[in-house]
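Right, one structure below, let's go through it.
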Amino acid sequence: MKQNILKYRGYTTVIEFSAEDCILYGKIEDIRDFVNFSGENAAEIEQAFHEAVDDYLDFCKEMGKEPEKPYRGSFNVRIPPELHRAAVIGARESGLTLNGFVETALREKVERLSPKKLYQ
């Protein structure tokens, strides 16, 4: 089943439905701050998401706080030592840094899985 994902200004949400309240709702994903919103139909929920993102960015500006970016471009990966060693050797043999090697591998895998969605 395809999830109901919306994107706006670099932020993402997954829209869900509450049968109990008979509303659509979501929250800004992948940030530590909790920013949620709701609406009664597709147009309302999309507008509410846009307003939530805009309000979050305005609030951060007013508070002198740097808004969180969902993805900084940096993350830790835990892998078995033998895979780490093989990646370092592969990077060296390819004339790349380990970061460059891992980026290339991730890019190739992601493009194979969803070539049109890589940078959306």
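For our numbering, count along the sequence shown from 1 and bump the result up by 6. The beta carbon of each residue, even a glycine, is placed where N, CA and C say it ideally should be.
What is the DSSP secondary structure of residue i, reduced to helix, strand or coil?
i, result
"G106", "helix"
"I11", "strand"
"E22", "strand"
"G96", "helix"
"F81", "coil"
"F55", "helix"
Taking the alpha-carbon positions, what's the residue i to residue j distance?
i, j, result
"I51", "D27", "14 Å"
"C66", "R118", "37 Å"
"A48", "H56", "12 Å"
"D60", "V20", "17 Å"
"M69", "L12", "26 Å"
I'd like to know whether the C-beta atoms of residue i and residue j end up nearer to each other than 8 Å.
i, j, result
"F107", "G96", "yes"
"Y62", "D36", "no"
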